[in-house]
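Note that this note's numbering gives residue 224 to position 187 of the sequence shown, counting from 1, and the numbers run on in steps of one. The C-beta atom is built at its ideal place from N, Cα and C for all residues, glycine as well. Report on the following structure.
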Amino acid sequence: MTTPPPGTVRRPPRLLRPPGVYAPQLDTRLLLGALSRERLTAGAELLDVGTGTGALALFAARRGARVTALDVSRRAVLATRLNARRSHLRVRVLRGEMASLTDSSWDVVVSNPPYVPSPSTAVPTRGKARAWDAGRDGRAVLDGVCDGAAGTLKSGGVLLLVHSGLCGTGATLRRLEEAGLRARVCERVVIPYGPVLWSRLRWLCDNGLASETGSSEELVVIRAERS
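Take a look at the structure:
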C-alpha cells in the first residue's frame with residue numbers, strides 16, 4: 038500500500054447519512070490522512086469514538102483492523118451499521134460514550150469529537166448541533182476522549198484526534214502528556230469560518246476565543262503515543 042505524503046487529504050467514500058448525522062468534512066479527511074500513515078497491522082484493535090457515518094471505521098476495517106465504532110447517536114450507530122454492511126466489512130458498532138467501554142484496550146484510538154465552543158454550558162442531547170457543540174470551551178467531550186485513550190491504549194498504542202484550535206491545542210497536548218503519552222501536532226490546516234462559527238462570532242470574541250479581525254480557524258490532528 039502506497040503511503041501518501043504528509044498533508045495529503047483523502048476523501049472518504051460515499052456513505053449513507055441519515056438527517057442529524059455528521060457529514061464527513063475536512064476534519065474527517067485530515068484524520069483519514071493521518072490514519073493512512075499509521076502502520077496498522079492486521080488484527081490491530083482500533084476504536085473510533087464519535088464514528089458518525091463510520092468513514093474512519095470502514096477505512097480501518099479495509100486495512101484489516103478489528104474495529105469498534107462508538108457513538109452516542111442512535112442514528113449514527115444505524116448509519117455505520119448500514120454502511121459497513123453495504124461495504125461488506127465487519128465492524129462492531131456500539132452506542133455510548135468512551136467511559137462505557139470497560140476492560141478494553143486498544144492499539145489505535147481515532148476520534149473526531151464535537152469540539153465547537155458554544156454559548157450553552159449544556160451539551161445537546163438531540164438535534165444536529167449534537168455533532169459539534171461541546172460546551173463553553175469546546176472541551177466537554179474532548180477531555181473525556183483524551184482521558185479514555187490515556188487509560189486504555191496498549192503499550193505503543195496511538196491516539197489520533199482532530200479538533201479546532203479554538204478549543205485549545207496546547208490544553209490537549211498538556212492533558213495527554215500529563216497522562217503519560219507523547220503528544221504532538223501531526224497535521225494542521227487553516228480554513229475559513231463555517232456557518233456555525235459565523236453565527237456565534239460575537240460571543241466567541243467576547244469570550245476571548247476568537248479575534249474580531251479574524252475569519253479563519255486552525256484544525257489540528259494530534260498524535261499521542263503510549264510508551
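Sequence-distant residues of the same chain with beta carbon closer than 6 Å to residue i, five excluded per side
i, result
"residue 237", "none"
"residue 227", "253, 255"
"residue 152", "171, 175, 179, 200, 201, 204"
"residue 57", "112, 165"
"residue 77", "100, 102"
"residue 144", "81, 82, 191, 194"
"residue 84", "105, 143, 146"
Range covered by the beta strand (DSSP E) that runs through residue i
i, result
"residue 223", "218 to 229"
"residue 85", "82 to 86"
"residue 237", "Residue 237 -> no beta strand (DSSP E), and no H or E assigned at all."
"residue 58", "Per DSSP, residue 58 belongs to no beta strand (DSSP E) and is neither H nor E."
Cut-off 7 Å between Cβ atoms - residues of its own chain near residue i, not counting five sequence neighbours on either side
i, result
"residue 158", "172, 173"
"residue 246", "154, 203"
Backbone secondary structure at residue i - three-state DSSP
i, result
"residue 48", "Since pLDDT at residue 48 reaches only 49, below the 50 mark, its modelled position is unreliable, and the value read off the structure follows with that caveat. Reduced to three states, the DSSP call for residue 48 is coil."
"residue 188", "helix"
"residue 40", "Confidence at residue 40 is low in this model, with a pLDDT of 43, below 50, so the placement of that residue should be treated as unreliable; the coordinate-derived value is given next. In the structure shown, residue 40 sits in coil (DSSP, three-state: anything other than H, G, I, E or B)."
"residue 137", "helix"
"residue 107", "strand"
"residue 170", "strand"
"residue 178", "coil"
"residue 258", "strand"
"residue 160", "coil"
"residue 126", "coil"
"residue 115", "helix"
"residue 203", "helix"
Reference residue i, options the options, closest by Cα
i, options, result
"residue 63", "263, 258, 262, 264", "258"
"residue 114", "55, 138, 189, 61", "55"
"residue 60", "234, 117, 197, 187", "117"
"residue 163", "261, 93, 110, 87", "110"
"residue 239", "156, 208, 262", "156"
"residue 133", "242, 95, 89", "89"
"residue 189", "218, 167, 161, 207", "218"
"residue 183", "169, 234, 125, 263", "263"
Terminal residues of the alpha helix (DSSP H) in which residue i lies
i, result
"residue 209", "206 to 215"
"residue 73", "63 to 73"
"residue 100", "Counting along the chain, residue 100 falls outside any alpha helix (DSSP H), and DSSP gives it neither H nor E."
Residues of its chain near residue i, where Cβ-Cβ distance is below 8 Å and the 5 sequence neighbours each way are ignored
i, result
"residue 210", "220, 221, 222, 259"
"residue 242", "248, 249"
Item to complete: Count the C-beta pairs between the region 109 to 129 and the region 62 to 72 that are closer than 8 Å, then say yes if the count reaches three, no if not.
Response: The answer is no - the region 62 to 72 does not touch the region 109 to 129, with fewer than three Cβ pairs under 8 Å.
Worksheet item: Would you call the region 124 to 131 and the region 102 to 113 touching, i.e. three or more CB-CB distances under 8 Å?
Response: Between the region 124 to 131 and the region 102 to 113 there are three or more C-beta pairs closer than 8 Å, enough to call the two in contact.
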